[in-house]
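Data first, discussion second: the structure below is written as structure tokens.
Residue numbers (my numbering): 36 to 288.
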């Protein structure tokens with residue numbers, strides 16, 4: 036299709052599968068990734084981003100996909116501040132800093148796609164910081180969409196459920212506990228991780244993502260996976276009920 040597509044985190048997981056798709060379509064894919072052997076770039080380092088974007092300053096982008104991300108589990112009370120800041124540096128501030136530098140290169144009728152998560156919609160115990168970082172992604176997406184409404188640039192968020200990638204393996208797991216939590220921090224995290232075989236394949240998830248991305252007119256948000264039904268249910272029941280059920284399902288003592 037001869038488009039130019041910039042994807043963050045395109046060296047592994049969902050990002051790599053998206054890169055594969057656009058490569059096969061004949062598009063030019065720019066991989067902005069710390070693990071890109073040809074041109075590594077850390078999205079949390081502004082000086083590296085400045086150098087990277089200086090190298091592509093003559094490009095005209097058709098699609099920007101912010102896919103880079105990292106998981107973090109642990110009790111809100113006990114996770115070290117350094118880990119919390121790193122979580123937001125990667126998932127939120129990295130996305131913002133990439134987008135700010137990419138916007139001057141965006142064509143008219145281009146698209147910005149932010150990969151959020153169903154965790155932005157459903158709070159989970161001992162993953163609150165990850166949920167909060169993805170909720171921030173969804174909010175910045177909506178705000179930017181409104182700001183760019185009359186510019187020809189469409190902005191949307193994709194919220195996938197759990198996908199079979201190395202994301203779980205690479206998630207930062209903080210099992211620190213005290214008498215208040217006992218074994219629930221570790222047990223609850225391992226419980227979620229044990230359902231790996233029930234997750235969507237990365238091929239299926241990306242197929243659904245691409246179908247959405249290629250639409251002429253983008254909705255503000257799309258949910259991919261069985262959590263779509265839960266999102267509908269959440270809107271029908273009292274918040275206290277939904278949070279109570281979630282707590283019973285995911286807190287394992």
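In this text, a Cβ means the ideal position worked out from N, Cα and C, and glycines have one as well.
Values in this document were obtained by computation on a predicted structure and should not be read as measured data.
Coarse secondary structure for residue 105, derived from DSSP in three states | coil
Which residues in the same chain as residue 82 place their Cβ atom closer than 8 Å to its Cβ, once the five residues preceding and following it in sequence are excluded?
-> none
Any idea which residues DSSP pairs residue 41 with across the strands?
-> 65 and 99
Nearest CA to the CA of residue 201: which residue from 51, 254 and 78?
-> 51
Return the Cβ separation of residue 181 and residue 53 in integer angstroms, given the expectation that the two are a contact with Cβ distance under 8 Å.
-> Not confirmed; about 25 Å, so no contact.
Which residue spans inside the stretch 157-235 form an unbroken alpha helix (DSSP H) run of at least 4?
-> 163-182, 202-205 and 219-228
Close beta carbons around residue 60, own chain, < 7 Å, minus the five adjacent residues each side | 36
Just the C-alpha distance for residue 310 and residue 251, rounded to the nearest angstrom, thanks.
-> This structure gives no information on residue 310, because the portion of the chain shown stretches from 36 to 288.
Output yes or no for whether 7 Å exceeds the beta carbon distance between residue 195 and residue 285.
-> no
How do the stretch 107-126 and the stretch 58-72 stand: do at least 3 beta-carbon pairs fall below 8 Å, yes or no?
-> no
What is the DSSP secondary structure of residue 47, reduced to helix, strand or coil?
-> coil
Where residue 101 falls, given that 16 or more other Cβ within 10 Å makes a residue buried | buried
Of the listed residues 150, 109 and 94, nearest to residue 139 (C-alpha basis) | 94
Which residues in the same chain as residue 203 place their Cβ atom closer than 6 Å to its Cβ, once the five residues preceding and following it in sequence are excluded?
-> 228
Straight-line CA distance for residue 170 to residue 220?
-> 22 Å
CA nearest to the CA of residue 209, picked from 222, 199 and 259 = 222
Taking buried to mean at least 16 other C-beta atoms within 10 Å of its own C-beta, is residue 151 buried or exposed?
-> buried
Please determine if the stretch 249-269 and the stretch 181-192 are in contact, where contact requires at least 3 C-beta pairs separated by less than 8 Å.
-> yes
Do you know how far the Cα of residue 242 is from the Cα of residue 289?
-> Because the chain here runs from 36 to 288, residue 289 falls outside it and cannot be looked at.
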